[in-house]
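J.: Following UniProt numbering, the numbering of the sequence shown begins with 1 at its first residue and continues without gaps.
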Amino acid sequence: MARGERRRRAVPAEGVRTVERTARGGPGRRDGRGGGPRSTAGGVALAVVVLSLTLGMSGRWVLAWHRARRAVTLHSAPPVLPADSSSPAVAPDLFWGTYRPHVYFGMKTRSPKPLLTGLMWAQQGTTPGTPKLRHTCEQGDGVGPYGWEFHDGLSFGRQHIQDGALKLTTEFVKRPGGQHGGDWSWRVTVEPQVRASGHPFLTTMSSGPPTQDCPC
């Protein structure tokens, strides 16, 4: 009886150990029903990672939006210059000028809808195919050096442009008068540096001011 009792007492003990192993995620995982706590922990970790990435990206978007909004928000202080400070009536000596950016030579007015003037040229026979039209300053187009030799910012200027065997000289002058910023004129001189006959020739182009009825 004592031995039988010991055997009957051992069965519940083995059952308790089996239940404990199943709770720890042991042999019970073989049928796909175990490992619950570990799976839950993995899902929580994945959710935390996804949430962190989402918050990080949202923060970057919010910061970019805030910077863009701050960049275009006008200051509350009154403007330093009045709205018509660039008009020909207020500043006639500054109304016309070489204000065009990204071109080798160009003039425009300081107005909301300016009249634009500029220079374009091309060399025929220098390279096979269609001649390259020069107008905007581009890296790798082979033009240079170029730059202003003289310029007072108001009434006159002269620059040199080297394009291969061509040397271009642009000049402009202004004089006050009238109701549209005065009169102006510019001239372009083209001089080949090398020629088969050994005698360079000059080609001169000039342009004058618009009429005094220009609604610029």
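Heads up, the beta-carbon is just placed ideally off N, CA and C, and yes, glycines get one too.
Since the model is a prediction, treat every value here as computed from it, not as a measurement.
What are the partner residues of D183, as DSSP defines its beta bridges?
T.: For D183, which the question treats as bridged, DSSP gives the partners R175.
J.: Mind checking whether the beta-carbon of S87 lies closer than 8 Å to any heavy atom of the ligand SAH?
T.: No copy of the ligand SAH appears in this structure; indeed no ligand is present at all.
J.: Rounded to a whole number of angstroms, what is the C-alpha to C-alpha distance between G28 and L63?
T.: With a pLDDT of 46 at G28, under the threshold of 50, the predicted position of this residue should be treated as unreliable, though the coordinate-derived value follows. Cα to Cα, G28 sits roughly 50 Å from L63.
J.: Does the Cβ of F172 have 16 or more other Cβ atoms within 10 Å, making it buried, or fewer, making it exposed?
T.: Buried.
J.: What residues match up with G157 in a beta bridge as DSSP calls it?
T.: Paired residue(s): H151, F172.
J.: Provide the residue(s) that pair with Q162 in DSSP beta bridges, ordered along the chain.
T.: Partner(s): K167.
J.: With a threshold of 7 Å on Cβ separation, who are the neighbours of A122 within its own chain once the five nearest residues in sequence on each side are excluded?
T.: Hits under 7 Å: P131, K132, L133, R134.
J.: Starting from the Cα of G177, find the closest Cα among S155, T170, A68, Q139 and give me that residue.
T.: Ranking S155, T170, A68, Q139 by Cα distance to G177 puts S155 first.
J.: Which residues does DSSP pair with T117 in a beta bridge?
T.: For T117, which the question treats as bridged, DSSP gives the partners M107.
J.: Report the CB separation of M107 from W186 in whole angstroms; it is logged as a contact under 8 Å.
T.: At roughly 7 Å, the Cβ-Cβ gap stays under 8 Å, so M107 and W186 are in contact.
J.: Could you pull out every residue in the same chain whose Cβ sits closer than 8 Å to the Cβ of D141, ignoring the five residues on either side in sequence?
T.: Contacts found: K132, R134.
J.: Would you mind giving the Cβ-Cβ distance between Q159 and G147, rounded to the nearest angstrom? I have them listed as a contact below 8 Å.
T.: Yes, Q159 and G147 are in contact; Cβ-Cβ is about 6 Å, under 8 Å.
J.: From which residue to which residue does the alpha helix (DSSP H) around P78 run?
T.: Run containing P78: none; DSSP gives neither H nor E here.
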